[in-house]
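Asker:
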Amino acid sequence: MKVIIVGANGAVGQTAVDALSDRHEVIKVGRSSGDVQMDIEDIDSIRAMYQQVGKVDAVVSAVGHGHFGGVAEMTTEQFMKGINHKVLPQVNLVLEGFDYINDGGSFTLTSGVLNRDPISGGSCAAAANGALDGFVVGAAVDMPRGIRINAVSPEVLEVSREKYDGFFRGHVHVSSEDVGLAYSKAVEGCLSGQVFIVD
Ligand SMILES: NC(=O)c1ccc[n+]([C@@H]2O[C@H](COP(=O)([O-])OP(=O)(O)OC[C@H]3O[C@@H](n4cnc5c(N)ncnc54)[C@H](OP(=O)(O)O)[C@@H]3O)[C@@H](O)[C@H]2O)c1
């Protein structure tokens with residue numbers, strides 16, 4: 032299969048690269064890294080990426096960020112960071128991808144743990160994750176041409192332990208290998224409309 036992995040150079044994207052690149056042709060996409068550069072927050076840049084890469088069998092997205100802070104102090108603008116930097120970019124990757132994804136292909140988006148196991152200050156990220164999880168469940172039932180869509184929702188990765196130090200007290204940390212298996216199931220398996228939780 033020919034597989035686009037957006038955010039391939041990141042902690043999460045790298046797990047998908049490691050899980051899939053032995054068996055498939057992986058096109059690594061990043062903002063400044065990878066085989067192809069794209070700004071997923073710019074729809075013209077998404078279109079240019081698809082035009083450059085051409086037809087593919089699978090698209091994986093492992094990007095996004097939001098606002099961290101208490102809900103009582105949060106502004107609408109801060110809340111919208113989760114929508115604008117995590118939800119919309121990944122949804123747009125799907126909406127713009129239909130002309131490029133082969134019959135029976137798949138889209139795999141990335142959400143995260145915070146809408147099932149919240150932390151203080153995490154409501155923006157929780158909402159973004161919930162939106163993405165809901166999108167794949169809702170979209171799966173009317174995807175054309177046998178195309179599948181799923182989300183991977185990991186706990187904090189071992190390799191990201193330092194980055195999130197102090198924020199996720201008591202949370203388990205998951206291995207990159209286990210997260211990679213979820214991307215393998217999403218891309219190489221047969222399920223659709225699923226949120227693959229890695230806890
Ligand atoms: N890390 C965790 O423990 C964890 C757990 C659960 C969920 N998640 C979620 O997984 C996603 C990825 O997290 P991460 O920790 O892997 O992030 P990361 O290590 O910071 O990597 C982000 C990747 O996305 C790319 N990227 C960033 N902005 C982009 C843009 N505008 N257009 C295209 N590519 C862009 C970066 O490319 P460049 O390298 O070229 O800049 C990089 O490859 C996030 O949504 C995060 O919430 C992470």
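Numbering (my numbering), first residue to last: 32 to 230. All residues carry an ideal CB built from backbone N, CA and C; glycine is no exception. None of the values given here were measured: they were computed from a predicted structure.
Pairing CB atoms from the stretch 153–168 with CB atoms from the stretch 201–208, are three or more of them under 8 angstroms?
Answerer: no
Asker: What does the shell around ligand 1 hold, if a residue joins when its beta-carbon is under 5 angstroms from any heavy atom?
Answerer: GLY38, ASN40, GLY41, ALA42, VAL43, GLY61, ARG62, SER63, SER64, ASP70, ILE71, GLU72, ALA93, VAL94, GLY95, THR141, GLY143, PRO185, VAL187, LEU188 and SER191
Asker: Determine the contact status of ILE36 and LYS59, defining contact as a CB-CB distance below 7 angstroms.
Answerer: If you number the sequence shown from 1, residue 36 lands on position 5. If you number the sequence shown from 1, residue 59 lands on position 28. Cβ atoms of ILE36 and LYS59: closer than 7 angstroms.
Asker: Could you tell me which residues DSSP pairs with LYS59 in its beta bridges?
Answerer: What you label residue 59 is simply residue 28 of the sequence shown in a count that begins at 1. Paired residues: ILE36.
Asker: Sorted by chain position, which residues of the same chain lie with C-beta nearer than 8 angstroms to TYR195's C-beta, five sequence neighbours on each side aside?
Answerer: As a first step, residue 195 must be located in the sequence shown, where it is residue number 164. Excluding positions up to five away in sequence, the list reads VAL187.
Asker: What does the Cβ neighbour count give for THR107, buried or exposed, with the cut at 16 atoms within 10 Å?
Answerer: To locate residue 107, count along the sequence shown from 1; it is residue 76. Its Cβ having fewer than 16 others within 10 Å, THR107 is exposed.
Asker: Just to confirm, is the Cβ distance from SER29 to VAL218 under 7 angstroms?
Answerer: Given a span of 32 to 230 for the chain in the structure shown, any question on residue 29 remains unanswerable.
Asker: Residues in the same chain with beta-carbon distance under 6 angstroms from ALA182, minus the five sequence neighbours each way, listed in chain order, please.
Answerer: Taking the first residue of the sequence shown as 1, we reach residue 182 at position 151. So the qualifying residues of the chain are LEU140, SER142, LEU163, ASP164, VAL167 and VAL226.
Asker: Throw me the rounded Cβ distance for the VAL91 and VAL144 pair, which I believe falls under 8 angstroms.
Answerer: Within the sequence shown, the letter at position 60 stands for residue 91. Within the sequence shown, the letter at position 113 stands for residue 144. No, VAL91 and VAL144 are not in contact; Cβ-Cβ is about 19 angstroms, not under 8 angstroms.
Asker: Please report the straight-line C-alpha distance between ALA158 and GLY97, rounded to a whole angstrom.
Answerer: As a first step, residue 158 is located in the sequence shown; it is residue number 127 there, counting from the start. As a first step, residue 97 is located in the sequence shown; it is residue number 66 there, counting from the start. Answer to the nearest angstrom: the Cα atoms are 10 angstroms apart.
Asker: Quick one: is ARG54 buried, meaning 16 or more other Cβ sit within 10 Å of its Cβ, or exposed?
Answerer: As a working mapping, residue 54 is identified with position 23 in the sequence shown. So ARG54 ends up on the exposed side.
Asker: Rounded to the nearest angstrom, what separates SER64 and ASN40 at their Cα positions?
Answerer: The residue labelled residue 64 in the question sits at position 33 within the sequence shown. The residue labelled residue 40 in the question sits at position 9 within the sequence shown. Rounded to the nearest angstrom, the two C-alpha atoms are 7 angstroms apart.
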